[in-house]
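Take a look at the structure below.
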Amino acid sequence: MKPADEDEDIASRLMSLQGDCPLLISLFDERDCLRYANPAFCAALGVAPDERISWERLMRRNYQKRQGTQIQTRDFEAWLASAKSRRAKLPFRAFETDLADGRWIWMTETTQSGGWMLCVASEITELRVGERELRQARDLAQRAALTDPLTGIGNRGHILQQMDGLVEQYHGGACQAAAVAILDLDNFKLINDLKGHLAGDAVLRDFAHRLQPLLKPHDSLGRLGGEEFLLLLPGSGLEQAEALIRLILADVQSSRPLADDPAFSYTCSIGMSLLRAGDDLSAPLGRADEALYQAKAGGRNTWRVRL
Numbered sequence: 001m002k003p004a005d006e007d008e009d010i011a012s013r014l015m016s017l018q019g020d021c022p023l024l025i026s027l028f029d030e031r032d033c034l035r036y037a038n039p040a041f042c043a044a045l046g047v048a049p050d051e052r053i054s055w056e057r058l059m060r061r062n063y064q065k066r067q068g069t070q071i072q073t074r075d076f077e078a079w080l081a082s083a084k085s086r087r088a089k090l091p092f093r094a095f096e097t098d099l100a101d102g103r104w105i106w107m108t109e110t111t112q113s114g115g116w117m118l119c120v121a122s123e124i125t126e127l128r129v130g131e132r133e134l135r136q137a138r139d140l141a142q143r144a145a146l147t148d149p150l151t152g153i154g155n156r157g158h159i160l161q162q163m164d165g166l167v168e169q170y171h172g173g174a175c176q177a178a179a180v181a182i183l184d185l186d187n188f189k190l191i192n193d194l195k196g197h198l199a200g201d202a203v204l205r206d207f208a209h210r211l212q213p214l215l216k217p218h219d220s221l222g223r224l225g226g227e228e229f230l231l232l233l234p235g236s237g238l239e240q241a242e243a244l245i246r247l248i249l250a251d252v253q254s255s256r257p258l259a260d261d262p263a264f265s266y267t268c269s270i271g272m273s274l275l276r277a278g279d280d281l282s283a284p285l286g287r288a289d290e291a292l293y294q295a296k297a298g299g300r301n302t303w304r305v306r307l
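Per full-length UniProt numbering: the sequence shown ends with 307, consecutive numbering throughout.
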C-alpha cells in the first residue's frame, strides 16, 4: 500500500503538469456547473481563474461575445436544446468543434453515473482542411438524423435509443432508480384549429425549450411525435420525479408563448412510471402511457403514476 505522502506527491505533480499542459481540461459537476478548469481551457473559453459558471451560461456568453466555442446559428435556443439533448447522456463521447479564434479541437467528455463530467480537448487545427470538411459534413448529417427539426431536441429514434441504454444501465446496476414519463400537450388539435399551425409550432418549441432549464444534465427529453414527448430521469425515484413533474406543470401553465396573443396559455398532462426488475423497453412505456390516459381522463393539466 502506498504511503499517503506518495499519493500527495502524485496528486501535486498531476496538478502541476495539467497547469502547463496545452490540452483544454475542465470538470463539471452533476448540475453542469464548472468546478475546475486549467489555464488552457480558461484562455480558450474566456473563463476567469476559479470562476464558477454553468455550461449553459458559458455557452450563452460565448455566443454573445463571439468568443470561445464558435456557435453559428440564427436561433441560439434551438442550438442549446439540441446540444443539451446530447450532453452528458453517454459515459463517453468524442467530437470535433471549432473555436472563435480559428482553432479546431477534438473534445472528449467522460461522464460518471453521478453526473460529474471530465472534458479534455486537444488542438487538431493542422489536420488537412479537406478531411476536416468531410468529417464536419458527416457529423452534421449524424446530428440531423438524431434531432427533431422543429424543437431542436432529440427525435423519436434518439430518445428511444437513450431509453434502451437506460434500461441496460438499470439492469446492470449502474443506475439504482429511474423514472420514465410521457408528456402530452392538452387540446393541441384545438390550438392548431383555432390559432393555426404556425402557432402550434411555436407552442411545441416553447414547451421543449421551457423544460430544458428544469432538467439535470443527465436527464433526457425527446419528441416522440406530434405533441407527445418522452422524459427520462436516471437516478430519480418517485419523490424526486413527482417534484420535477409539479415544476413542469406549473412552469408550462405560466408560459405565454404567442407574442400576438399575450393572453394565450396552454397545459400538458403527464403519465409516469418507474423502471423495475424484468422491464424491457416497452414495459415502462406501456405503464407511462396508461398513466397518461388516466391523467387526461382526470381533467388534464395533471399527472398520474403507474408503478
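C-beta atoms are modelled at their ideal positions from N, C-alpha and C, and glycine is treated no differently.
Status (buried if at least 16 other CB within 10 Å, exposed otherwise) for R31: exposed
Once the 5 residues before and after residue 313 are set aside, which same chain residues still bring their CB inside 6 Å of it? Absent from the structure is residue 313, since the part of the chain shown begins at 1 and ends at 307.
In terms of alpha-carbon separation, which member of A177, L224, D219 lies closest to L185? L224
Judging by CA-CA distance, which residue of Y266, R300, L307 is the nearest neighbour of R287? L307
Please report the straight-line C-alpha distance between M1 and C175, rounded to a whole angstrom. In this predicted model, M1 has a pLDDT of only 48, less than 50, meaning its place in the structure is not dependable enough to derive any value.
Decide yes or no for the touch test of the region 205 to 219 against the region 44 to 53: beta carbon pairs closer than 8 Å, at least 3 of them. no
Starting from A174, trace the alpha helix (DSSP H) in both directions and tell me its first and last residue. Looking at the DSSP string, A174 is not in any alpha helix (DSSP H), and its letter there is neither H nor E.
Taking 6 Å as the limit between beta carbons, can you name the residues of its chain near P257, skipping five residues before and five after? A202, V203, D206
In chain order, each alpha helix (DSSP H) run of at least 4 residues that lies wholly inside the UniProt domain "GGDEF" (176 to 307): 188 to 195, 197 to 211, 238 to 253, 282 to 297
Under the assumption that A291 contacts G271 (Cβ atoms under 8 Å), give the Cβ distance between them as a whole number of angstroms. 3 Å
Is S26 helix, strand or coil by DSSP? strand
8 Å Cβ shell around C33 - same chain, five flanking residues per side excluded: R52, I53, S54, W55
Does C33 come out as helix, strand or coil in the three-state DSSP assignment? strand
I'd like to know if P234 contacts chain D, where contact means its C-beta is closer than 7 Å to some C-beta of that chain. The chain labelled as chain D is not found in the depicted structure, where only one protein chain is given.
Option in A83, E96, C21, D164 with minimal Cα separation from L281: D164
Please work out which residues of its chain come closer than 7 Å, Cβ to Cβ, to Y63, disregarding the five sequence neighbours upstream and downstream, and give them in chain order. I71, F76
Going by the beta-carbon positions, is the gap between M107 and F95 smaller than 7 Å? yes
Measure the C-alpha to C-alpha separation of A295 and T110 and round it to an integer number of angstroms. 38 Å
Entirely within the region 54 to 128 and at least 4 residues each: give me those alpha helix (DSSP H) ranges in chain order. 55 to 65, 76 to 86
Please report the residue range of the alpha helix (DSSP H) in which L150 lies. Where L150 is concerned, there is no enclosing alpha helix (DSSP H), given that its DSSP letter is neither H nor E.
Could you say which of Q18, D29, L45, G46 lies nearest to N38 if we only look at CA atoms? Q18
Are the CB atoms of F41 and L24 within a distance shorter than 7 Å? yes
S254 and L300 - do their beta-carbons sit closer together than 7 Å? Leu is not the amino acid found at residue 300; the sequence shown has Arg there. No. Outside cutoff.
Count the other CB atoms, across all protein chains shown, that sit within 10 Å of the CB of I10; report buried if there are 16 or more and exposed otherwise. exposed
Quick check: what's the CA-CA separation for A283 versus A177? 16 Å
In angstroms with no decimal places, state the Cα-to-Cα distance between S12 and H158. 42 Å
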